[in-house]
Amino acid sequence: MTYYEHIPFRENIPAYALGALDAEDVAALEAHLQTCASCRDELAVYRATSDNLLMTLPPQKPSTAIRRRLQRRLPSAQTSMRPRLNWSIGRMAVGMAIILMLALNVFSISQVRVLQRQQTQLMDQMQNGQEALAMLSYSNTQTFPINTESVTGSLLLDKEYNNAVLILRGLPSITADQTYQVWLIAPNGERTDAGLLRPQIDRPFISEVIYSTQDLSNFVGIGMTVEPAGGSDHPTGQQVFRVDF
Amino acid sequence: MPEIDDNQLVKRVAQGDERAFLTLYDCYASRVHALTLRILGDPMLAEEATQDTFLKLWSRAHMYLAERGSLLLWLLTIARRTALDRLRLETRRPLLSDSKDPTEVWKTIPDRDSLPEENRWRSLHFAVEALSPEHRQVIELAYYQGLSQSEIAEVLGWPIGTVKTRLRVAMERLRQEWGAG
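Heads up: the sequence lines are chains A and B, in that order. Under the numbering used here, the first residue of the first sequence is numbered 1, with each subsequent residue one higher. Under the numbering used here, the first residue of the second sequence is numbered 246, with each subsequent residue one higher.
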């Protein structure tokens, strides 16, 4: 790429670092950044500047009410609000007997929990599948194909009912310390976390309901990246796909 | 004054240590609140956003990775997004007036105990203040109001090309200031 071909991309980097680049320019710049190390270095410098803009405001002490409200929301405050129990010798004896029985049945309990987890997963999968089938029958549901080198599928989107379902096939396997993270993409390029998912090894495809507390009409696209287990605050890893709607 | 190791504190918060959580609150609440107040402009909304930010710290402490940046940067990034989300929900019109608040004052003489980074942040703050009103306004609308370039053009009634140029020039000046530190 010549210097002059770089110019349009380099000129957009400061706005991108601020999160102010318009959506139609974001995709082109992000595609360019994947192949251009010098522009990535440039972005890193502008990101450092924009990150440190966060630090430039002089501190403003909030009211003491916030600290009190936070303390009330902490677990110890919740526990102290419950009525205390009076432990008599009789109750303690009963408690010890229960503990003994539980200890003797630890293996059975753990087995039951494994079965319950599997049952929950199966029910989640059934529910996702039913949600996808239901959406296919709605006239307002829009279908957006997803087609990358490795991943194919569809995004089902119904803005009226604020529903979205991802159906994906061919997701590459990831390591135990990684996860897939779904992002809703705002017009200004900002990403909002829309959930984590780990595909099961024995299933060729997945369908996943996307839950958003915000109106899906506020967004212009959906994407997925590979992130560390537990997810990230913003995309940091390799993009798996992006679809605009 | 003993140094507070943020990494240790946030790990303890991830394990449910409430005292560590309140220590971090006492350390950083003023910074977070300054940002939420700047973005939202309303003390009550700013307090709610500040509270939400720290509740997110409590629930997401396990997600913090020190190699990605300081805890303060992580917290302020959460605070900015929380406040911008709230701004959009409230459908509040962006502040068009000059953002200078007479209470928003850095001391011009650095404290002896202040960190080297704080001096750089002060310098960057003064660099923002030194921008022309037009350049400062695009930074304000982009960063503290979360608007895209085309939205800024619409709000200010400027051609999109003018917005792009002014935003780029402003960021280049701030980048030079930050890089010179």
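Quick reminder that beta carbons are idealized off the backbone N, C-alpha and C, glycines included. A quick note: this is a predicted structure, and the numbers were derived from the prediction, not measured.
Rounded straight-line distance, which links the Cα of residue j to that of residue i
i: E292/B; j: L104/A; result: 51 Å
i: R264/B; j: L317/B; result: 18 Å
i: G261/B; j: W303/B; result: 8 Å
i: G195/A; j: V182/A; result: 5 Å
i: I7/A; j: A37/A; result: 14 Å
i: I285/A; j: I174/A; result: Lying outside 1 to 245, the shown extent of chain A, residue 285/A is not represented and no answer is given.
i: N147/A; j: I222/A; result: 13 Å
i: E362/B; j: L310/B; result: 20 Å
i: A65/A; j: V26/A; result: 41 Å
i: L401/B; j: D177/A; result: 46 Å
i: M453/B; j: I210/A; result: Residue 453/B falls outside the range modelled here, since chain B spans only 246 to 426, and no answer is possible.
i: Q296/B; j: P14/A; result: 31 Å
i: E11/A; j: A398/B; result: 17 Å
i: E42/A; j: S315/B; result: 21 Å
i: E335/B; j: L392/B; result: 15 Å
i: L184/A; j: D193/A; result: 6 Å
i: D287/B; j: M92/A; result: 54 Å
i: L168/A; j: V243/A; result: 12 Å
i: R68/A; j: A44/A; result: 39 Å
Contact check, residue i vs residue j, beta carbons under 8 Å
i: S232/A; j: M416/B; result: no
i: L216/A; j: L157/A; result: yes
i: L166/A; j: E227/A; result: no
i: L500/B; j: Q60/A; result: For chain B, the structure presents residues 246 to 426; residue 500/B sits outside this window and is missing.
i: A324/B; j: V258/B; result: no
i: Y270/B; j: L70/A; result: yes
i: A372/B; j: E422/B; result: yes
i: W319/B; j: N52/A; result: no
i: G170/A; j: S154/A; result: no
i: T179/A; j: A229/A; result: yes
i: A23/A; j: V220/A; result: yes
i: L329/B; j: I284/B; result: yes
i: H380/B; j: V408/B; result: no
i: Q142/A; j: F241/A; result: no
i: L327/B; j: A294/B; result: Looking at the sequence provided, one finds Thr at residue 327/B rather than Leu. Their beta carbons are under 8 Å apart, which means T327/B touches A294/B by this criterion.
Integer-rounded CB distance, given that residue j should sit under 8 Å from residue i
i: L369/B; j: L419/B; result: 7 Å
i: N188/A; j: G19/A; result: 6 Å
i: M55/A; j: L321/B; result: 7 Å
i: L412/B; j: Q390/B; result: Not confirmed; about 13 Å, so no contact.
i: L29/A; j: Y46/A; result: Going by Cβ atoms, the distance from L29/A to Y46/A rounds to 12 Å, so no, they are not a contact pair.
i: T225/A; j: Q238/A; result: 6 Å
i: P58/A; j: A279/B; result: 6 Å
i: P235/A; j: R191/A; result: 6 Å
Residue i classed as buried or exposed, judged by whether at least 16 other C-beta atoms fall within 10 angstroms
i: D250/B; result: exposed
i: V94/A; result: exposed
i: Y3/A; result: exposed
i: M101/A; result: exposed
i: A375/B; result: exposed
i: Y161/A; result: exposed
i: W112/A; result: First, the amino acid is wrong: residue 112/A is Val here, not Trp. By the neighbour-count rule (16 or more Cβ atoms within 10 Å), V112/A is not buried but exposed.
i: S50/A; result: buried
i: I405/B; result: exposed
i: T298/B; result: buried
i: P378/B; result: exposed
i: P172/A; result: exposed
i: E5/A; result: exposed
i: Q382/B; result: buried
i: A248/A; result: One cannot answer for residue 248/A here, as it falls past the ends of chain A, which runs 1 to 245.
i: P62/A; result: buried
i: A77/A; result: exposed
i: A186/A; result: buried
Cβ-heavy atom distance, residue i to the ligand SAH, below 7 Å
i: P145/A; result: Judged by which ligands are present, the structure shown has none, so any question about the ligand SAH falls away.
Write down every uninterrupted run of the alpha helix (DSSP H) in the region 267-307 of chain B whose length is 4 residues or greater and which is fully enclosed by it, in chain order.
-> 288-305
Note down, one range per segment and in chain order, each alpha helix (DSSP H) of at least 4 residues found wholly within the region 369-425 of chain B.
-> 378-384, 394-401, 405-425
What are the complete beta strand (DSSP E) segments, minimum 3 residues, inside the region 173-233 of chain A?
-> 178-185, 191-197, 205-210, 221-228
Please list the segments of the beta strand (DSSP E) lying wholly inside the region 54-80 of chain A, counting only runs of 3 or more residues, in order along the chain.
-> none
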